[in-house]
Amino acid sequence: MNPLAVELNSTLAARSPHVLEMLSQMGKNLFFPKGILSQSAEAKAKAHRFNATIGIATEGDKPMYLPCIHKHFAEYDPSQLYPYAPPAGKPELRQLWREKMLRENPSLKGKHFSLPIVTNALTHGLSMVGDLFVDPGDHLILPDQIWGNYRLTYGVRNQGVFRQFPFFNSADGFNADGFRTVLTATAREKGKAVVILNFPNNPTGYTPTVAEGEAIVTVIREVAEAGCNIVAVTDDAYFGLFYEDSLRESLFGRLANLHPRILAVKIDGATKEEFVWGFRTGFITFADGHGGEDRTAVEILEKKAMGLIRATISNSPHPSQTFVLEALRSPDYPREKEQKLQILKARAMEVKRVLSRDEFRQAWDYYPFNSGYFMCLKLKKVDAEALRVHLLERYGVGTIANNATDLRIAFSCIAKENIAELFDLIHQGVKDLS
Ligand SMILES: Cc1ncc(COP(=O)(O)O)c(C=O)c1O
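Each position in the sequence shown, counted from 1, maps to that position plus 1143 in this note's numbering.
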């Protein structure tokens, strides 16, 4: 093991032994090298005559660039677009995202957590969680309603084992009892669990109520108190898109600094929140079980995360970070975001209005939804995949079949005035096949 990794791990062993236990073998091996990047940073500060360290080309005191590219970005200073961004991301963006998190998550007030590290959007942040914390055979605790890509990331790539529980209970609320059962069994068997919480949920569009959120936190705290190390990950991809009476903040705020055996990891980003899917700008943020001023563990995790970034993508795209940063600074940002939220909310409400029609009752139930981009029908009579193919071929309607019964509808991309027609066509498709 590299001496720098040994040093990080021995500090963790002394200050936060449970966090060290949570790391995968790769997580233990990781460190941030004192290589080209730190020598360049030193030169940036001190090399006043010639700086021959950076691996980009320059002209005058600016990065070299092609006018045929720059003509599209004339408003921007080339230095804000073309050079590499730092491995952890642009410092001003990290700071503003942290402030946004604090503003939008009142539970974070007074808690201590790392500066968000920029990732190549959420998928990358989630895969960093896998590399840092999941060894082959480790248990991932998830509901049965999940974003399918977790299987590739944590199952195929990290060879973790999925322990799932039914998302909803018989009262159509979040199934905290099922969660407790599965987490407790893993605690007994493994002594370590990686919990993935995704609200607003893909695919159901459900965010728990405040009371259900408290129940989730209680389960995690009690299982940790009984001696299990828990990496509690919140995948907040659809954060902020809350339309009804649900929890309106991330559980990260409640899980931060809760217990030495709980490491909270927040995965979020601009992808869906700021409607910039292709920009690839996300964040990973850590909060360990220490309250107060002891930042040792999160600083070590930051270094390991930066080492992982350096080893895989080196750094995230610079232009996207600049564009997101400018948006966060813009006085128009809150108003423009609110407008888009209202458009999505109106679509969600229209879906509910249309679905209340009696004629649909025989064809499907639907899972509770109150947030995000999606809702799911639970089909009563026909196979979801058969219906999906039929809708596509006969009516030109695209949906996603999650399993034999569940059909996912992304109302986020259907105009309000077309929603009734969409469900009429789906209903017609069910009638054709029954
Ligand atoms: C729950 C969830 N997490 C993460 C992602 C990935 O987001 P990104 O495009 O930022 O990688 C998605 C995208 O569909 C998602 O639904």
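Glycine included, every Cβ here is placed at the ideal spot set by N, Cα and C.
Note that the coordinates shown come from a computational prediction; the quantities given were computed from them, not determined experimentally.
Item: Contact test: Leu1394 Cβ vs ligand 1 heavy atom, cutoff 7 Å; Value: no
Item: Residue from Asp1204, Thr1352 and Arg1537 with nearest C-alpha to His1191; Value: Asp1204
Item: Where Lys1335 falls: helix, strand or coil (DSSP); Value: strand
Item: Alpha carbon of Ile1552 to alpha carbon of Val1525, nearest angstrom; Value: 16 Å
Item: Buried/exposed call for Asp1281, threshold 16 Cβ in 10 Å; Value: buried
Item: Proximity test, Thr1201 beta-carbon vs ligand 1 heavy atom, cut-off 7 Å; Value: no
Item: Burial state of Gln1464 (16 or more Cβ within 10 Å); Value: buried
Item: C-alpha gap between Ala1476 and Glu1235, whole angstroms; Value: According to the sequence as given, residue 1476 is Tyr; it is not Ala. Rounded to the nearest angstrom, the two C-alpha atoms are 17 Å apart.
Item: Inter-residue Cα distance where the pair is Gly1370 and Ala1440; Value: 19 Å
Item: Short Cβ contact (8 Å threshold) for Asn1301 with Val1277; Value: yes
Item: Sheet register partners of Arg1306 (DSSP bridge); Value: Ile1284
Item: heavy atom of ligand 1 below 7 Å from Gly1291 C-beta; Value: no
Item: Within the stretch 1435 to 1500, ranges of the alpha helix (DSSP H) (whole runs, at least 4 residues); Value: 1439 to 1455, 1461 to 1472 and 1476 to 1498
Item: Segment contact flag, the stretch 1443 to 1452 with the stretch 1297 to 1313, C-beta cutoff 8 Å, min 3 pairs; Value: no
Item: C-alpha distance - Leu1245 paired with Met1207, whole-angstrom precision; Value: 38 Å
Item: Residues near Trp1290 in its chain [Cβ-Cβ closer than 6 Å; skip 5 each side]; Value: Asn1345
Item: Integer-rounded CB distance, given that Asn1458 should sit under 8 Å from Pro1259; Value: Going by Cβ atoms, the distance from Pro1259 to Asn1458 rounds to 15 Å, so no, they are not a contact pair.
Item: Cβ-heavy atom distance, Asn1545 to ligand 1, below 7 Å; Value: no
Item: Thr1262 - partner residues in DSSP beta bridges; Value: Gly1425
Item: Distance cut-off 7 Å: Ala1553 Cβ against heavy atoms of ligand 2; Value: You won't find ligand 2 in this model; what it holds is ligand 1.
Item: Ligand 1 heavy atom lying under 7 Å from the CB of Thr1266; Value: yes
Item: Sequence-distant residues of its chain with Cβ nearer than 6 Å to Val1419 (five each side left out); Value: Ala1413
Item: Per-residue burial, Ala1455 [other beta carbons within 10 Å of its own, 16 or more giving buried]; Value: The sequence as given places Thr at residue 1455; Ala does not occur at that position. Classification of Thr1455: exposed, given that the 10 Å Cβ count is below 16.
Item: Per-residue burial, Leu1520 [other beta carbons within 10 Å of its own, 16 or more giving buried]; Value: buried
Item: Enclosing beta strand (DSSP E) for Met1144 [first to last residue]; Value: Counting along the chain, Met1144 falls outside any beta strand (DSSP E), and DSSP gives it neither H nor E.
Item: In DSSP terms, what Pro1206 is bridged to; Value: Thr1201
Item: Residues that Cys1519 bridges to, as DSSP identifies them; Value: Arg1551
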